[in-house]
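Q:
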Amino acid sequence: MPIGLRIDVDTWRGTRDGVPTLLRTLERHGVRGTWYFTVGPDNMGRHVRRLLRPTFALKMLRSRAASLYGWEILLRGTLWPGPRIGEGLADTIRLPIQAGHEFGVHAWDHHRWQVQAGTNDDSLLGDMDRATECLADLAGAAPTSTASPGWRCTEALLRGKCARPFAFHSDTRGPARPLRIRVDDGGGSVLLQPPQVPVDLPTYDESVGRHGCTDSNFNDRMLTLVGDGRPHVLTIHAESEGGRKAALFDAFLQRALAEGHSFVPLGEYLAEVGCEREGQLGSGIVEGREDWLAVTQ
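When we follow my numbering, the leftmost residue of the sequence shown carries the number 67, and every step to the right adds one.
1. So what does DSSP say about G350, is it helix, strand or coil?
2. Compute the Euclidean distance between the alpha carbons of Q180 and N285, then round it to the nearest angstrom.
3. Am I right that P261 and R246 are in contact with their C-beta atoms under 8 angstroms? What's the rounded C-beta distance?
4. For R239, which three-state DSSP category applies?
5. Put Q259 into one of helix, strand or coil per three-state DSSP.
6. Suppose contacts are defined by Cβ-Cβ distances below 9 angstroms. Is W174 in contact with V85 by that definition?
7. Below 8 angstroms on the Cβ atoms is my guess for S255 versus D237; work out the distance and round it to an integer in Å.
8. Tell me the residue span of the alpha helix (DSSP H) that contains G152.
9. Please list the terminal residues of the continuous beta strand (DSSP E) segment that includes F103.
10. Identify the continuous alpha helix (DSSP H) that holds H95 and give its terminal residues.
11. Does V85 have its Cβ less than 9 angstroms from a Cβ in chain C?
12. So F329 and T91 are in contact, right, with Cβ under 8 angstroms, and what is the actual spacing, rounded?
13. For the stretch 258-276 against the stretch 295-305, do three or more pairs of beta-carbon atoms, one drawn from each stretch, fall closer than 8 angstroms, so that the two count as touching?
14. Can you tell which of E272, G216, H327 and P107 has its C-alpha closest to the C-alpha of G184?
15. Which residue's Cα is closest to the Cα of M110: Y102, L347 and I151?
16. Our contact map puts L223 next to L201 with C-beta atoms below 8 angstroms; I'd like the distance itself, whole angstroms only.
17. For S273, does the count of other Cβ atoms within 10 angstroms reach 16, so buried, or fall short, so exposed?
18. How many whole angstroms separate the CB atoms of L332 and S211, which I take to be in contact at a CB cut-off of 8 angstroms?
19. When the distance is taken between beta carbons, is T362 closer than 9 angstroms to P241?
20. Report, in whole angstroms, the separation of the C-beta atoms of V171 and P209, which I expect to be a contact under 8 angstroms.
21. Tell me which same chain residues have a C-beta within less than 8 angstroms of the C-beta of L289, skipping the five on either side of it?
22. Identify every residue that forms a DSSP beta bridge with L173.
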């Protein structure tokens with residue numbers, strides 16, 4: 067059973083430094099994935115305001131965010147507007163696309179999507195259209211899917227996404243078998259047609275520092291999770307697995323491939339696993355994250 071590989075690229079630094087590093091790692095092991103790019107302004111440093119929330123502050127301390135991501139990321143866009151990633155780093159974004167990887171839309175402004183999902187959905191869908199156009203222009207081909215930043219997705223956002231010409235979406239957490247989302251429609255219900263590919267495996271920053279998880283046993287735990295013979299979808303980040311955790315991820319790939327696992331882009335994963343179930347969209351909490359996110363029910 068293949069493991070679907072989703073690669074989120076959230077920031078200027080993650081694009082500039084993490085994308086080439088992560089691409090080299092994947093090429094060394096003959097692995098391809100689906101890259102989700104943020105192409106508008108990098109304002110991720112504005113998340114610093116969330117340090118007033120004890121749960122977010124604890125996560126930053128637990129994952130050692132300053133050393134994991136660097137102060138450049140943590141302060142980007144706080145004192146001045148962040149730079150537009152798609153304009154300044156178009157050639158870098160093209161690297162995995164030219165290497166034959168799948169690519170899709172993550173966000174125009176990653177920070178804005180995360181903090182405004184559920185309160186400003188129409189405007190965020192407009193941002194998504196800008197990001198889609200930007201990616202299509204620089205890649206010379208249309209992106210095939212979307213992935214909501216931080217898995218923050220509402221029914222209104224999902225309806226808007228499904229009204230656009232994408233093949234599938236990856237907006238939710240839950241069991242990794244793809245599904246279609248059923249929503250209420252004026253007394254009845256309607257089945258949204260583009261499939262949803264949920265992410266089930268924990269990310270590095272959700273795991274480290276919790277329940278005894280450290281860098282020394284993180285890969286052991288991940289290999290145990292993927293060793294049950296079930297479908298799985300893994301999300302990695304250019305900022306971590308393409309940054310300070312590049313060697314840790316390289317070791318994980320080496321061990322996983324040696325154990326007979328394979329990694330594929332989400333489009334290939336969807337084609338192989340199939341989409342034979344339906345469910346509903348809900349909001350919930352995932353251990354290691356400090357706020358609500360979209361889950362499949």
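No residue lacks a Cβ here, since even glycine has one placed at the ideal position from N, Cα and C. Please read all numbers here as calculations on a predicted model, not as lab measurements.
A: Let's see:
1. G350: strand per DSSP, three-state reduction.
2. So the two alpha carbons sit approximately 28 angstroms from each other.
3. That pair is a contact at about 6 angstroms.
4. When secondary structure is reduced to three states using DSSP, R239 falls in the strand class.
5. The answer is coil: DSSP assigns Q259 none of H, G, I, E or B.
6. Not a contact, by the Cβ cut-off of 9 angstroms.
7. S255 to D237, Cβ: 19 angstroms. No contact.
8. Segment I151 to G154, the alpha helix (DSSP H) holding G152.
9. Per DSSP, F103 belongs to the beta strand (DSSP E) from T100 to T104.
10. For H95, the enclosing alpha helix (DSSP H) covers residues V85 to H95.
11. In the structure shown, chain C cannot be found, because there is only a single protein chain.
12. Not really, about 12 angstroms apart at Cβ, beyond 8 angstroms.
13. With a cut-off of 8 angstroms, the stretch 295-305 and the stretch 258-276 count as touching, because enough Cβ pairs lie within range.
14. Looking at the Cα atoms, G216 is the closest of the given residues.
15. Considering only alpha carbons, the answer is I151.
16. Actually they are not in contact, since the Cβ atoms of L223 and L201 sit about 18 angstroms apart, beyond 8 angstroms.
17. Burial state of S273 is buried, judged by a 10 Å Cβ sphere holding 16 or more other Cβ atoms.
18. With a contact defined as Cβ atoms closer than 8 angstroms, L332 and S211 qualify at about 7 angstroms.
19. Their beta carbons are under 9 angstroms apart, which means P241 touches T362 by this criterion.
20. Right, their Cβ atoms sit about 5 angstroms apart.
21. Within the same chain, Cβ atoms closer than 8 angstroms to the Cβ of L289 are found at F318, R321, A322 and E325, the five residues on either side in sequence being excluded.
22. For clarity, residue 173 is Ala in the given sequence; the question names Leu instead. As computed with DSSP, A173 is found in a beta bridge with T104.
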